[in-house]
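Step one of this worksheet: look at the structure below.
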């Protein structure tokens, strides 16, 4: 039993020392891992924001539909437009992520610009998450306003949601410009 423990311990040391035999390769893999993780983080954060925004607007729509049903009115399809608007930020993050993926095949560029790539991934995720989340909040308030105002003001609500959408578009465009060439 002691011999198995000793062999296991020695093989563990062998693996540990093998990791230090090729420092340039290991370093490159670490920075590539960090950059790829940040690109995936961008998509995950954007999807989280879209989910939160859609969830908030969807809850408001469900409440408005219940109110309309109790009053014997037709249920308004207009709310679906406002509920679905926050999903676009997930697509913007996916576009940035796909452009970042092209850089990861070039290890030298990935290592040299690892901090930049990590920052681009995190900033994209944050910009898209907050844009989608706030868009959902505006959509939820807009659904309530439409429900209580008998459908008046849809154009103003879409404009307000479009302004927040523009922040997400700016985030995507400006951060795409920060991605280094492979």
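Residue numbers (the working numbering): 980 to 1161.
Backbone N, C-alpha and C fix where the C-beta goes; we use that ideal spot for every residue, glycine too.
Please read these numbers as outputs of a predicted model, since none were measured by experiment.
Exposure of residue 1160 is indicated by the presence of fewer than 16 other C-beta atoms within 10 angstroms of its C-beta. Collapsing the DSSP output to three states places residue 1052 in coil. With contacts defined by Cβ atoms closer than 8 Å, residue 1154 and residue 1099 form a contacting pair.
Contact annotation: the stretch 1131 to 1151 touches the stretch 1058 to 1075, with at least three C-beta pairs closer than 8 Å. Unbroken beta strand (DSSP E) stretches of 3 residues or longer found wholly inside the stretch 1054 to 1137: none. The beta-carbon distance between residue 1025 and residue 1069, rounded to whole angstroms, is 5 Å. This is short enough to meet the 8 Å contact definition.
The three-state secondary structure of residue 1158, taken from DSSP, is coil. Cβ contact annotation for residue 1085 (same chain, cutoff 6 Å, sequence separation greater than five): 1161, in chain order. Remark: C-beta atoms of residue 1066 and residue 1117 do not approach each other more closely than 8 Å. Taking a C-beta distance under 8 Å as the contact criterion, residue 1048 and residue 1062 do not qualify as a contact pair.
Residue environment analysis places residue 1043 among the buried positions, since at least 16 neighbouring C-beta atoms fall within 10 angstroms of its C-beta. If the five residues before and after residue 1113 are omitted, its C-beta is found closer than 7 Å to the C-beta atoms of 1143, all from its own chain and listed in chain order. Cβ-Cβ separation between residue 1136 and residue 1124: approximately 7 Å, consistent with a contact (criterion under 8 Å).
Listed in chain order, the non-local C-beta contacts of residue 1146 below 6 Å within the same chain comprise 1110, local neighbours out to five positions each way being set aside.
Spanning the alpha carbons of residue 1122 and residue 1132 requires a straight line of approximately 10 Å.
If you draw a straight line from the Cα of residue 1095 to the Cα of residue 1108, it is about 20 Å long.
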